[in-house]
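**Q** Just add 44 to wherever you are in the sequence shown, counting from 1, and you've got this note's numbering. No residue lacks a Cβ here, since even glycine has one placed at the ideal position from N, Cα and C.
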Amino acid sequence: MIEDPVEHFFASDESRLLALPTLDALEEQAENADRTRSVASNVIESLRGSDVMRMAATSELGGVESSILAMGRELEAVAARCPSTAWCLWNHLAVFHLFVGTLGPEHQGFLEEIVREGRWVSFPAGAGSGVYGRIEGNEAILNGKATFGTGSRYADYCGVVFAVVGEDGEPVRPMDLRFSIVSTSVEGLKIDPTWDGSGLRASATDDLHYSEVRVSLDRCVKWYGANRAESLRTVPVINHRYREDWVGISDLWLGWMACGIVRRALQEVASGTRERRVIMGGKMVEKATAQINIGRAAALLSSARAAVENACNELDQRVTAGIVPDEADYLRQMSVVSMSVEQLAEAMRLLERTQGGNGLREGGTFERRYRDFRAMPLHINVHQDRVTHQLGRFVLDIERDPF
45 MIEDPVEHFF
55 ASDESRLLAL
65 PTLDALEEQA
75 ENADRTRSVA
85 SNVIESLRGS
95 DVMRMAATSE
105 LGGVESSILA
115 MGRELEAVAA
125 RCPSTAWCLW
135 NHLAVFHLFV
145 GTLGPEHQGF
155 LEEIVREGRW
165 VSFPAGAGSG
175 VYGRIEGNEA
185 ILNGKATFGT
195 GSRYADYCGV
205 VFAVVGEDGE
215 PVRPMDLRFS
225 IVSTSVEGLK
235 IDPTWDGSGL
245 RASATDDLHY
255 SEVRVSLDRC
265 VKWYGANRAE
275 SLRTVPVINH
285 RYREDWVGIS
295 DLWLGWMACG
305 IVRRALQEVA
315 SGTRERRVIM
325 GGKMVEKATA
335 QINIGRAAAL
345 LSSARAAVEN
355 ACNELDQRVT
365 AGIVPDEADY
375 LRQMSVVSMS
385 VEQLAEAMRL
395 LERTQGGNGL
405 REGGTFERRY
415 RDFRAMPLHI
425 NVHQDRVTHQ
435 LGRFVLDIER
445 DPF
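Listed below in structure tokens is the structure:
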């Protein structure tokens with residue numbers, strides 16, 4: 045008999061992971077993090093300043109320069125223990141990649157400082173954001189709200205996009221959009237714990253309110269906005285890796301997190317099924333439907349995991365070869381993960397169905413993992429409606445929508 049058939053089938057050597065020292069603590073606090081809506085402070089501090097935070101930084105910045113695939117495997121392991129922590133770490137790694145590409149070589153010293161000190165970064169700029177900056181001398185004075193600041197309560201710095209306003213307080217025309225990074229402890233910045241989601245309850249995906257926050261203009265750069273991915277293919281960058289768009293990379297890592305959650309859910313459901321009894325005392329493990337549903341869930345996970353791994357390898361090989369990505373590369377990353385996450389969603393539904401009414405009655409970790417998982421196919425970066433629409437327009441040779 046195999047001690048854990050799921051672990052054997054989805055072999056994953058975690059012995060060399062940078063996150064290994066924190067994995068047990070992550071799992072121990074996951075249920076409480078979900079209940080209290082806050083990741084344990086000892087977990088946050090064990091990650092802050094560690095090489096885990098430096099994985100997305102290249103050697104020019106004093107970083108670890110982990111491959112995209114290696115970082116995905118780290119996130120898979122973290123998500124299997126505590127998806128909320130993984131979500132915060134995922135956001136940090138992805139937006140740091142964006143920050144490096146956006147700020148560019150002229151701000152290398154500041155970026156090196158963030159890496160050296162192991163600082164946590166966040167980027168609240170989701171739907172409903174509106175930050176405005178009036179120029180006074182060599183400073184921009186920021187006011188407004190930024191939303192979806194994943195991990196902002198745990199972060200040391202936050203990226204901010206703002207529209208420059210004129211003397212009338214209205215945005216200048218044509219729009220002058222700029223980007224900067226501010227300390228979360230700066231005067232006038234308030235983090236409002238607004239995230240009350242049905243999943244990822246401890247991810248601190250909150251609103252940030254700017255009230256007369258001052259930022260030096262020499263720390264501000266032009267924001268590429270919707271033209272971001274195309275612009276990064278031509279502007280000066282600190283390392284070729286940063287020509288890759290952060291959205292495509294974030295999709296790949298999101299795929300790994302989804303795989304981690306489903307793998308752990310499958311382990312627990314399979315183990316429970318071997319022990320569970322049905323009406324009249326029969327063994328659930330002997331029921332054909334249980335075998336089929338669990339087998340299909342495992343097959344869906346296997347397919348999704350292989351697709352995401354292949355997409356990571358493709359990107360890593362492109363970076364190593366110094367090839368500049370194009371629109372097809374970017375859309376391929378998004379579409380692979382969008383469809384993989386849909387497969388994983390079906391796997392979770394099958395696992396839920398297998399547990400039946402007893403699964404609802406008993407609660408347990410599956411319910412929490414399922415709630416956390418549901419945020420993944422709904423994230424705008426991999427949302428099926430957005431991704432397939434953009435890909436369809438590309439294949440039909442129609443101009444893509446800005447977002």
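1. Tell me which residues share the same chain as V165 and place their Cβ nearer than 8 Å to its Cβ, disregarding the 5 neighbours each side in the sequence.
2. What does DSSP give as the partner residues of F223 in its beta bridges?
3. Is it buried or exposed for M456, if we count other Cβ within 10 angstroms and need 16 for buried?
4. Any heavy atom of the ligand NAD closer than 8 Å to the CB of V368?
5. Mind reading off the beta-carbon distance from A77 to A84? Whole number of angstroms is fine, and I expect it under 8 Å.
6. How many Å lie between Q152 and G106 at the Cα?
7. According to DSSP, is G232 helix, strand or coil?
8. Spell out a yes or no on whether the segment 288-307 and the segment 106-116 are touching, meaning 3 or more CB-CB pairs, one atom from each, closer than 8 Å.
9. Comparing alpha-carbon positions, which option in S384, V385, C356, Q428 lies nearest D373?
10. From the DSSP secondary-structure annotation, give me the bridge partner or partners of G316.
11. Relative to the C-alpha of N182, which candidate in C264, A171, T238 has its C-alpha closest?
12. Which of helix, strand or coil does DSSP assign to R258?
13. Excluding the 5 residues preceding and the 5 following A74 in the sequence, name in chain order all residues of the same chain whose CB lies nearer than 7 Å to its CB.
14. Jot down the residue ranges of each uninterrupted alpha helix (DSSP H) in the segment 142-218, minimum 4 residues, whole runs only, in chain order.
15. Would you identify the three-state DSSP class for H284, choosing helix, strand or coil?
16. Short of 6 Å in beta carbon distance, which residues of its chain neighbour R277, apart from the five on each side in sequence? Order them along the chain.
17. Could you say if the segment 391-402 and the segment 328-346 meet the contact criterion of at least three C-beta pairs nearer than 8 Å?
18. Excluding the 5 residues flanking T66 on each side, which residues of the same chain have their C-beta closer than 7 Å to its C-beta?
19. Of the choices E319, L155, A190, whose alpha-carbon is the least far from that of T102?
20. Whole angstroms are fine: how far does the CA of D220 sit from the CA of G232?
21. Do G241 and V209 have their C-beta atoms within less than 9 Å of each other?
22. Taking the runs of the alpha helix (DSSP H) that are 4 residues or longer, which of them lie wholly in the segment 67-148?
23. Between L147 and Y254, is the Cβ-Cβ spacing less than 9 Å?
24. Can you tell me which of the three DSSP states L375 falls into?
25. For the putative contact between F206 and R222, defined by C-beta atoms under 8 Å, what is the C-beta separation to the nearest angstrom?
26. May I ask you to list the residues that DSSP assigns as paired with L252?
27. Roughly how many angstroms lie between the CA atoms of T129 and V363, to the nearest whole one?
28. Near D289, which residues of its chain fall below 6 Å by C-beta distance, leaving aside the five closest residues on each side in sequence?
29. Would you tell me roughly how many angstroms separate the C-alpha atoms of G243 and G213, rounded to the nearest one?
30. Output the boundary residues of the alpha helix (DSSP H) element that contains M420.
31. Evaluate G326 with the Cβ neighbour count: other Cβ atoms within 10 Å of its Cβ, from every protein chain shown; 16 or more gives buried, anything less gives exposed.
32. How would you write the range of the alpha helix (DSSP H) that S275 sits in, first residue to last?
33. What is the rounded straight-line gap between the Cα of V122 and the Cα of S275?
34. Could you compute how far the alpha carbon of L464 sits from the alpha carbon of R320?
35. Out of G436, I46, E150, which has the shortest C-alpha to C-alpha gap to M378?
**A** Concretely, from the data shown:
1. For the purposes of this step, residue 165 is taken as residue 121 along the sequence shown, with counting starting at 1. Contacts found: H136, V139, F140, F143, I158, A199, D200, Y201, C202, G203, I225.
2. For this step, residue 223 is matched to residue 179 along the sequence shown. DSSP, once it has assigned bridges, lists V205, V265 as partnering F223.
3. As shown, the chain starts at 45 and ends at 447. That puts residue 456 outside it, with no answer to give.
4. The ligand NAD is absent from the structure shown, which contains no ligands of any kind.
5. By 1-based counting over the sequence shown, the position of residue 77 is 33. By 1-based counting over the sequence shown, the position of residue 84 is 40. That belief holds up - the Cβ atoms of A77 and A84 are roughly 6 Å apart, short of 8 Å.
6. The count along the sequence shown starts at 1 and reaches residue 152 at position 108. The count along the sequence shown starts at 1 and reaches residue 106 at position 62. Each residue's CA atom was taken as its position, placing Q152 and G106 some 11 Å apart.
7. Residue numbering aside, residue 232 sits at position 188 when the sequence shown is read from its first letter. The answer is coil: DSSP assigns G232 none of H, G, I, E or B.
8. Taking 8 Å as the limit for Cβ pairs, the verdict is that the segment 106-116 does touch the segment 288-307.
9. Within the sequence shown, the letter at position 329 stands for residue 373. Looking from the CA of D373, the closest CA among S384, V385, C356, Q428 belongs to C356.
10. Your numbering for residue 316 matches position 272 in the sequence shown. The partner list for G316 (beta bridge, DSSP) is empty, contrary to what the question assumes.
11. As a working mapping, residue 182 is identified with position 138 in the sequence shown. When only C-alpha atoms are compared, the closest one is C264.
12. Numbered from 1 along the sequence shown, position 214 holds the residue referred to as residue 258. Secondary structure at R258: strand, using DSSP grouped into helix, strand and coil.
13. Here residue 74 corresponds to residue number 30 of the sequence shown, with the count starting at 1. Only R125, C126 meet the Cβ criterion.
14. For the segment 142-218, whole alpha helix (DSSP H) runs of length 4 or above, ordered along the chain, are 152-160.
15. As a first step, residue 284 is located in the sequence shown; it is residue number 240 there, counting from the start. Of the three classes helix, strand and coil, the one that applies to H284 here is helix, per DSSP.
16. For the purposes of this step, residue 277 is taken as the residue at position 233 of the sequence shown. Listed in chain order, the non-local C-beta contacts of R277 below 6 Å within the same chain comprise R287, V368, local neighbours out to five positions each way being set aside.
17. They touch, by the three-pair rule.
18. Taking the sequence shown and counting its residues from 1, one reaches residue 66 at position 22. Same-chain partners within the cutoff: V87, S90, L91.
19. Numbered from its first residue, the sequence shown carries residue 102 at position 58. Comparing Cα-Cα distances from T102 to each of E319, L155, A190, the minimum goes to L155.
20. By 1-based counting over the sequence shown, the position of residue 232 is 188. By 1-based counting over the sequence shown, the position of residue 220 is 176. For G232 and D220, the distance between alpha carbons rounds to 23 Å.
21. Within the sequence shown, numbered from 1, the residue matching residue 241 stands at position 197. Within the sequence shown, numbered from 1, the residue matching residue 209 stands at position 165. Taking 9 Å as the Cβ cut-off, G241 and V209 do not qualify as a contacting pair.
22. Counting only runs of 4 or more, we get 85-91, 112-125, 127-147.
23. Counting from one through the sequence shown, the residue named residue 147 turns up at place 103. Counting from one through the sequence shown, the residue named residue 254 turns up at place 210. No, the Cβ-Cβ distance between L147 and Y254 is not below 9 Å.
24. As a working note, residue 375 is residue 331 in the sequence shown. Correct three-state label for L375: helix.
25. Start at 1 with the first residue of the sequence shown, and residue 206 comes out as number 162. Start at 1 with the first residue of the sequence shown, and residue 222 comes out as number 178. Contact holds; Cβ gap of about 6 Å.
26. As a working mapping, residue 252 is identified with position 208 in the sequence shown. Partner(s): A190, I235.
27. Along the sequence shown, one-based indexing puts residue 129 at 85. Along the sequence shown, one-based indexing puts residue 363 at 319. Each residue's Cα considered, the two are about 28 Å apart.
28. In the sequence shown, the residue the question calls residue 289 occupies position 245. Taken in chain order, the residues that qualify are A273, Y374.
29. What you label residue 243 is simply residue 199 of the sequence shown in a count that begins at 1. What you label residue 213 is simply residue 169 of the sequence shown in a count that begins at 1. Distance between the alpha carbons of G243 and G213 is about 38 Å.
30. As a working note, residue 420 is residue 376 in the sequence shown. First-last of the alpha helix (DSSP H) with M420: 419-422.
31. Position 282 of the sequence shown, counting from 1, holds the residue named residue 326. Around the beta carbon of G326, a 10 Å sphere encloses fewer than 16 other beta carbons of the protein chains shown; the residue is thus reported as exposed.
32. The residue you call residue 275 lines up with position 231 of the sequence shown. That run of the alpha helix (DSSP H) goes 272-275.
33. Here residue 122 refers to the residue found at position 78 when the sequence shown is read from its first residue. Here residue 275 refers to the residue found at position 231 when the sequence shown is read from its first residue. Rounded to whole angstroms, the gap between the alpha carbons of V122 and S275 is 33 Å.
34. Because the chain here runs from 45 to 447, residue 464 falls outside it and cannot be looked at.
35. To locate residue 378, count along the sequence shown from 1; it is residue 334. Comparing alpha-carbon positions, the option among G436, I46, E150 lying closest to M378 turns out to be G436.
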